[in-house]
Structures are given as C-alpha cells and as structure tokens.
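Here the structure comes first, spelled out in structure tokens, and everything after it is commentary.
Residue numbers (full-length UniProt numbering): 1 to 71.
Here you go:
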C-alpha cells in the first residue's frame, strides 16, 4: 500500500538530504586537503554523482503533482 507523504514531510526529508550531502562532502574535501592535496580531487565523484541524486530529490519535492489517468 502506497501512502502519500505530506508536503511538510517531503520538504523535511529534502532538508535532511541536503544537510547530509553538504556535511559528508565537506568532510571528504577536508580529508583530501589534509592528507592528499597533491593528488586527483577524488571528492569530486561524490559531489557530482550524489549531487545528481539530490537534484532529482529537489525536483520530486518541488515539481507539480502529475495527474494519474486510470486505464
């Protein structure tokens, strides 16, 4: 059974996702700066690919609902 989340719950979930994205990627950048600054900027992979997922999350929260047509 699928339940509809309230708009407030969806926005709260998005805020948590953004917070975790920022904190996790910031931690990775700090580790890179402290321990491996001369090498390839490896946190980029997490920033880009997790960022793509985050964009889809933002899109799902703020896009207008689709009307469902029954067949």
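Positions of the beta carbon are idealized from the N, C-alpha and C atoms, including for glycine.
- Here residue 38 carries a coil assignment [DSSP, helix/strand/coil].
- Contact between residue 43 and residue 22 fails: their C-beta atoms lie close to 12 Å from each other, not under 8 Å.
- Counting along the chain, residue 46 sits inside the alpha helix (DSSP H) bounded by residues 43 to 62.
- For residue 66, the secondary structure class from DSSP, reduced to helix, strand or coil, is coil.
- Note on geometry: alpha-carbon atoms of residue 66 and residue 24 lie some 33 Å from one another.
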